[in-house]
Amino acid sequence: MLIDCPWCGPRSEREFRCGGEGHIVRPETPDAVDDTVWADYLFYRDNPKGLGYERWLHRFGCGRWFNVVRSTTDHRLAAVYGMSDPRPELGGDR
13 MLIDCPWCGP RSEREFRCGG EGHIVRPETP DAVDDTVWAD YLFYRDNPKG
63 LGYERWLHRF GCGRWFNVVR STTDHRLAAV YGMSDPRPEL GGDR
């Protein structure tokens, strides 16, 4: 599989590392949330059949993090975008 790094262009997936689900928001005041909210943040993730948001690191390239919209059924990449770019809306495949 080729991954199109936003800074380096298309590269083999062997150069990258998946960092898990994308767009996870850390609670602003961790000391003020209860254990259920903290556990949700730490441990629970979406597990979609179809398109999902993920964070990837170009480990053996530029060393930068970026986001990917990837299908969990066929590994097709629907979008690749920088960490500060807006999250694209997913089509009906999710």
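For the sequence shown, our numbering assigns the number 13 to the initial residue and increments by one for each residue that follows.
Note that the Cβ used here is the ideal one computed from N, Cα and C, for glycine as well.
Beta-carbon to beta-carbon, R82 and E101 are separated by about 15 Å, too far to satisfy the 8 Å threshold. Comparing alpha-carbon positions, the option among F55, I36, F78, V45 lying closest to M95 turns out to be F78. Residue environment for H70: buried (at least 16 other C-beta atoms within 10 angstroms of its C-beta).
Distances from the CA of L54 to each of L14, K61, P42 were compared; the closest alpha carbon is that of P42. DSSP places V80 within a strand segment (E or B) once states are collapsed to three.
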